[in-house]
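What follows is a set of notes on a single structure, which appears directly below.
Protein chains: 2
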Amino acid sequence: MSNPRHLAILKSLATKSDSKIVFLVMDGIGGIRTTTHGTTELEAASTPNLDRLAQRASLGRIIPALRGMTVGSGPGHLALFGYDPVAEENEIGRGVLEAVGVDYALKPHEVAARGNFATLDAAGLISDRRAGRIGSDEGTRVCAKMQAAVAEPIDGVSVKVLPVKEYRFCVVFDGPDLEGAFLDTDPQVTGKAPLPVRPSVEGPHTERTRKVIEAAIAKMSAAIKDEPKANGFSLRGFAKDPGIETLQQRWGMRCGAIATHPLYRGVARLVGMDILKTGTEIADEFETLKQHWNEYDFFFLHVKKTDSYGEDGNRRGKISIIEETDRHLAWLGEKLNDVIVVTGDHCTPPPMRGHSFHPVPTMIAAKTSDVGGNLRFCERTCVTGSLGLFPSMELMQLALGHAGKLQKFGA
Amino acid sequence: MSNPRHLAILKSLATKSDSKIVFLVMDGIGGIRTTTHGTTELEAASTPNLDRLAQRASLGRIIPALRGMTVGSGPGHLALFGYDPVAEENEIGRGVLEAVGVDYALKPHEVAARGNFATLDAAGLISDRRAGRIGSDEGTRVCAKMQAAVAEPIDGVSVKVLPVKEYRFCVVFDGPDLEGAFLDTDPQVTGKAPLPVRPSVEGPHTERTRKVIEAAIAKMSAAIKDEPKANGFSLRGFAKDPGIETLQQRWGMRCGAIATHPLYRGVARLVGMDILKTGTEIADEFETLKQHWNEYDFFFLHVKKTDSYGEDGNRRGKISIIEETDRHLAWLGEKLNDVIVVTGDHCTPPPMRGHSFHPVPTMIAAKTSDVGGNLRFCERTCVTGSLGLFPSMELMQLALGHAGKLQKFGA
Chain E
6 MSNPRHLAIL KSLATKSDSK IVFLVMDGIG GIRTTTHGTT ELEAASTPNL
56 DRLAQRASLG RIIPALRGMT VGSGPGHLAL FGYDPVAEEN EIGRGVLEAV
106 GVDYALKPHE VAARGNFATL DAAGLISDRR AGRIGSDEGT RVCAKMQAAV
156 AEPIDGVSVK VLPVKEYRFC VVFDGPDLEG AFLDTDPQVT GKAPLPVRPS
206 VEGPHTERTR KVIEAAIAKM SAAIKDEPKA NGFSLRGFAK DPGIETLQQR
256 WGMRCGAIAT HPLYRGVARL VGMDILKTGT EIADEFETLK QHWNEYDFFF
306 LHVKKTDSYG EDGNRRGKIS IIEETDRHLA WLGEKLNDVI VVTGDHCTPP
356 PMRGHSFHPV PTMIAAKTSD VGGNLRFCER TCVTGSLGLF PSMELMQLAL
406 GHAGKLQKFG A
Chain G
6 MSNPRHLAIL KSLATKSDSK IVFLVMDGIG GIRTTTHGTT ELEAASTPNL
56 DRLAQRASLG RIIPALRGMT VGSGPGHLAL FGYDPVAEEN EIGRGVLEAV
106 GVDYALKPHE VAARGNFATL DAAGLISDRR AGRIGSDEGT RVCAKMQAAV
156 AEPIDGVSVK VLPVKEYRFC VVFDGPDLEG AFLDTDPQVT GKAPLPVRPS
206 VEGPHTERTR KVIEAAIAKM SAAIKDEPKA NGFSLRGFAK DPGIETLQQR
256 WGMRCGAIAT HPLYRGVARL VGMDILKTGT EIADEFETLK QHWNEYDFFF
306 LHVKKTDSYG EDGNRRGKIS IIEETDRHLA WLGEKLNDVI VVTGDHCTPP
356 PMRGHSFHPV PTMIAAKTSD VGGNLRFCER TCVTGSLGLF PSMELMQLAL
406 GHAGKLQKFG A
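Residue numbers (the numbering used here), protein chains in the order written: chain E, 6 to 416; chain G, 6 to 416.
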């Protein structure tokens, strides 16, 4: 939803209904048919429960952002939740994504940046921008040394060092009146020293914030200078929470998110969802859904591994995750009074070993669906489905419509 | 691509890839099925190579400009090249189209206008707005008399008179500080004299430019006053090159254009393509493509006669051109690593004897295509194709996506 007037009108029409809405997001779900494989993973999988759902659903396809554009998980999910993923006001800085991606509940006044450990030579120049790709254990250990060095607040600003993975970490600055607009300190090439902190946009508190960040960098750098590999670092993607209007504010829905991976919990948190504690398996996620069923109007349940196997080019693996998800769908599939949406944030075709720009197969199963005689949920049936081909960011309003959560416009 | 922010984001994602992109534009390719002919020309033609391409392609249909709107070749091609054909900044004045349409390489500072010969009566009033539809030979001869009359620059501005066809010609003014915004001198009706030159928008050099144009008109008029038919003229569509951002600037692609007719070369030149010398036949065009294959990232190959026969209402003729094009497609069809787009600038259904507003059948054959089990390339298969129905101006970005020439947006 990118047109402010359209959004305002839709919000004015928002109303309560007895139907819950569930977004089952299978990451990277869509695939492509090639001359080698005439079926996609969804087509090749045995999916009795998805197919039963399709038989009472409307089918279609969604375009994550712009035609031909491949999106990452951040924009892909923002769009699913009804936000224009390419609008400036919905831009989520990389630092913010990294922080929420390790389950850090970033507060609106905090500034976050991604960190990369690097190896510096005797002259202080970067000789390896990834510090020899150190492992997560070593990264966590070095992060602890940096955290100890900034245990005391700097000019009233406390600094948190969060290990992410391998040579990656995240730094959060927590204090009053902080600006978030600074350029990367990563020179992008070896043979140069990390850059000083420079503002990208000047604000009233830029200079003070810059000094705090520089002071923190100096302390953290000193603490790790004798490390064999991770004896330096650069910071990138400085940003604050963009302060996106929440789903609760927009539609008056209580929203719960279930995801095994922190990045997806993070994006859900940024749009105001409660994060529901769950386990590491798809089974755990569906169990969490059952447990919290009565507490929320909207659920986002994220299945990660369809994407992971797609990225690996593992067609069989992706099929197996689709089938595993399908097995857990029986209970949800019988919620005839509710709106069950099955979709993805983007396609991840195994032959492409990465995200792609292709439209994402999508279905909406509801009492109000236009059931078109579909026998299966797959690319083939979605291409000719009654929902047609439309932007992902309009899926939420369509789900609200199916759930009776939008009143009539005009007499 | 009409949203400036969207375009800026896409441009920021542009990257190189090994895949070339070829736009094979069959002018007016699409047709309609009627109660008389249950098949379109594409459907009735025997097209083994197009069909083989379709079997490894994604199919769909494109809308040249606005739904229900019929476009000319200028806007139709601009849209194919990724420019919003109805945006003010992409408006190509008729004078400019006329100049580039006779292969004149219009420079940014020059002003061009279309000319129509007219017959004036003894009182200097127009009695025939097309000068008795004189032939091209006579038009060329009279143009030469006018050119001789303005052989000397007027106030530093040199004037070029370019014959176009029959009673049509083009005038180009070449000098420093010229304004291009003037109203037509054509009174649109007989019984009136050609109008004086009046500005449509005032600029710093309007008055001087106006005087130069008036002086040129006076000299050219005097030179032909004794002609039996073409003893006068009017000028229309004064304009300068709109200075459209080139494809090279947008996407970093080296672009080559192959077309037998000057208008199409002209539009291609306005968006920055190199014009490749070719012959008059379709065979020549494909030969030119082969010769220059290694020199460019993007090719535009234009087939004219599908449109010409459509305009004539000649169904058999249009079918024969489709079949002729198909025969030359074998070599291109085997470029499995590249992106082959087959489309048109608009439809020209023979029963309508003119351009039409119908969506244009389109296919994208690439390694990244979602091959949907299509057996043929025609209206029937394109209606249900996986690309769906979308604006022509989004075809370029979709082709870039298929070619791996757009990086992922966001993490």
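Where a beta carbon is used, it is the ideal one built from N, C-alpha and C, also for glycine. It should be emphasised that the depicted structure is a prediction, and the values quoted were computed from it without experimental measurement.
Fill in: Rounded C-alpha distance that separates residue 306 of chain E from residue 289 of chain E
11 Å
Worksheet entry | DSSP three-state assignment for residue 386 of chain G, whether helix, strand or coil | helix
Worksheet item: Under a Cβ-count criterion, where at least 16 other Cβ atoms within 10 Å of its own Cβ denotes burial, should residue 375 of chain G be classed as buried or exposed?
Response: buried
Worksheet entry | Straight-line Cα distance separating residue 178 of chain E from residue 161 of chain E | 10 Å
Discussion item. Alpha carbons only, please: which of G:245, G:250 and G:280 is nearest the one belonging to residue 260 of chain G?
Written reply: G:280
Worksheet item: Taking 8 Å as the CB-CB cut-off, is residue 107 of chain E touching chain G?
Response: no
Worksheet item: If we call anything under 8 Å between Cβ atoms a contact, is residue 189 of chain G one with residue 239 of chain G?
Response: yes
Worksheet item: What is the residue span of the beta strand (DSSP E) that residue 249 of chain G lies within?
Response: Note, residue 249 of chain G: premise wrong, no beta strand (DSSP E); not H, not E.
Worksheet item: Do residue 431 of chain G and residue 346 of chain G have their C-beta atoms within less than 8 Å of each other?
Response: Because residue 431 of chain G is not part of the residues shown, which for chain G are 6 to 416, the question remains open.
Worksheet item: What number of angstroms, rounded off, separates the C-alpha of residue 331 of chain G from the C-alpha of residue 52 of chain G?
Response: 6 Å
Practice prompt. Quick one: grab the DSSP three-state call for residue 22 of chain E.
Written response: coil
Discussion item. Applying the 10 Å Cβ sphere with the 16-neighbour rule, what's the burial state of residue 142 of chain G?
Written reply: exposed
Item to complete: Just list the alpha helix (DSSP H) runs in the segment 51 to 107 of chain G, keeping only unbroken ones of 4 residues or longer that don't cross its boundaries, in chain order.
Response: 53 to 59, 78 to 85 and 99 to 105
Worksheet item: If you follow the beta strand (DSSP E) that residue 216 of chain G is part of, which residue opens it and which one closes it?
Response: Here residue 216 of chain G belongs to no beta strand (DSSP E); instead the alpha helix (DSSP H) covers 211 to 228.
Worksheet item: DSSP puts residue 170 of chain G in a beta bridge; with which residues?
Response: G:173
Practice prompt. Determine the burial state of residue 78 of chain G: buried for a count of at least 16 other Cβ atoms within 10 Å of its Cβ, exposed for fewer.
Written response: buried
Worksheet item: What residues from the segment 10 to 38 of chain G come within 9 Å of chain E, judged by C-beta to C-beta, listed N to C?
Response: 10, 11, 14, 15 and 18
Practice prompt. Could you confirm whether any beta carbon from chain G is found closer than 8 Å to the beta carbon of residue 80 of chain E?
Written response: yes
Worksheet entry | Near-chain E residues of the segment 373 to 399 of chain G - C-beta to any C-beta below 9 Å | 373, 374, 375, 376, 377, 378, 389, 390, 391, 392, 393, 394, 395, 396 and 399
Discussion item. Determine whether the beta carbon atoms of residue 106 of chain G and residue 271 of chain G lie at a separation below 8 Å.
Written reply: yes
Discussion item. Cutting at 7 Å between CB atoms, please list the residues of its own chain near residue 298 of chain E, excluding the five before and the five after it.
Written reply: none
Item to complete: Please confirm if the segment 391 to 405 of chain G is in contact with the segment 85 to 97 of chain G, defined as three or more CB-CB distances below 8 Å between the two stretches.
Response: yes
Worksheet item: Bridge partners of residue 368 of chain G, per DSSP?
Response: G:64 and G:347
Discussion item. I believe residue 405 of chain G touches residue 73 of chain E by the beta-carbon criterion, under 8 Å. Please report the beta-carbon distance rounded to the nearest angstrom.
Written reply: 6 Å
Worksheet item: With contact counted as at least three CB pairs below 8 Å, one residue from each stretch, are the segment 236 to 252 of chain G and the segment 119 to 129 of chain G in contact?
Response: yes
Worksheet item: Listed in chain order, which residues of the segment 82 to 111 of chain E have Cβ atoms closer than 9 Å to some Cβ of chain G?
Response: 83, 90, 91, 92, 93, 96, 97, 99, 102, 103 and 106
Worksheet item: If we cut at 8 Å on Cβ distances, does residue 405 of chain G have a partner in chain E?
Response: yes
Item to complete: For residue 299 of chain G, name the three-state secondary structure that DSSP assigns.
Response: helix
Worksheet item: Counting only beta-carbon atoms, is residue 360 of chain E nearer than 8 Å to chain G?
Response: yes
Fill in: Contact belief for residue 224 of chain E with residue 176 of chain E at Cβ below 8 Å, rounded distance in angstroms
The Cβ separation is near 12 Å, so there is no contact.
Worksheet item: Taking the alpha helix (DSSP H) that residue 311 of chain G falls in, what are its first and last residues?
Response: 310 to 316
Worksheet item: Can you pull the DSSP bridge partners for residue 361 of chain G?
Response: G:352
Worksheet item: Grouping DSSP H, G and I as helix and E and B as strand, with all else coil, what is residue 124 of chain E?
Response: strand
Worksheet entry | Beta-carbon contacts of residue 337 of chain E that lie in its chain and below 8 Å, excluding the five residues immediately before and after | 27, 29, 291, 294 and 345
Worksheet item: With a CB to CB cut of under 7 Å and the five nearest residues on each side skipped, what residues in its chain are close to residue 159 of chain G?
Response: 217, 220 and 221
Practice prompt. Give me the Cα-Cα distance between residue 412 of chain G and residue 137 of chain E, rounded to the nearest whole angstrom.
Written response: 26 Å
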